[in-house]
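Participant:
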Amino acid sequence: SAAKMFSLTGWRVGWAFGPEDLTTAIRTVHAYSSYCAPTPLQLGIAKALDQFSHTEAENLCTLFQENAVLLSEGVKSVGAYPLIPEGGYFLLADISNTGKTDVEFMRWLAAEKGVICVPMSVFYKYV
Numbered sequence: 007s008a009a010k011m012f013s014l015t016g017w018r019v020g021w022a023f024g025p026e027d028l029t030t031a032i033r034t035v036h037a038y039s040s041y042c043a044p045t046p047l048q049l050g051i052a053k054a055l056d057q058f059s060h061t062e063a064e065n066l067c068t069l070f071q072e073n074a075v076l077l078s079e080g081v082k083s084v085g086a087y088p089l090i091p092e093g094g095y096f097l098l099a100d101i102s103n104t105g106k107t108d109v110e111f112m113r114w115l116a117a118e119k120g121v122i123c124v125p126m127s128v129f130y131k132y133v
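Under this note's numbering, the first residue of the sequence shown carries the number 7, and numbering increases by one thereafter.
Structure (C-alpha cells):
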C-alpha cells in the first residue's frame, strides 16, 4: 500500500496483483467492503509510482528488513519473543512468558519503555 511504501499514514490507497482467479475474488470483496480513496490521493500515488525506481524499491525492502531486525532486538530485550516477518509491515511478538495479558503488557511497555503498540486482542476475541 502507499501508506507503507511512501510513509503516508492514513491515505488508504493500495493495490493488488496476482492470478486472475485470486484478483477476481479480491475485486468482489472490495466492491462490497470499501469505498474509493479520494481522487487527489489516487493521482498523487500514481505520480509517485511513476517516479519510483527499482533501486528505491530495493532500498525500501532493505530498510524494512533492517527495521524488523532492530525492532526484534528491542522486543527480545523486554522479555518477549518476536515472530520475525518474512514480508509485510508489522511485527508480532509472543508475550506468553511475561505473565501479562496483551493489554497489560502494552500498558507496561508504554509506561516503562515509552513504546506504544497495539494489543492483538483488539482484533479478535479469545476462544
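C-beta: ideal position from N, C-alpha, C; glycine also.
A quick note: this is a predicted structure, and the numbers were derived from the prediction, not measured.
Report the start-end ranges of each alpha helix (DSSP H) in the segment 33-118 that is 4 residues or longer and not cut off at the edges.
Facilitator: With a minimum length of 4 residues, the continuous alpha helix (DSSP H) runs that stay inside the segment 33-118 are 45-57, 60-83 and 108-114.
Participant: Give the secondary structure of Lys-131 by DSSP, where H, G and I count as helix, E and B as strand, and everything else as coil.
Facilitator: Correct three-state label for Lys-131: coil.
Participant: Measuring only the C-alpha atoms, how far is Phe-12 from Ser-127?
Facilitator: Straight-line Cα distance between these residues: approximately 28 Å.
Participant: Can you look up Thr-3 in the DSSP assignment and give me helix, strand or coil?
Facilitator: The structure shown has nothing for residue 3, since the chain only spans 7 to 133.
Participant: Am I right that Asp-100 and Ala-116 are in contact with their C-beta atoms under 8 Å? What's the rounded C-beta distance?
Facilitator: About 19 Å separates the two Cβ atoms, so there is no contact after all.
Participant: I need the DSSP call for Ala-22, collapsed to helix, strand or coil.
Facilitator: Coil.
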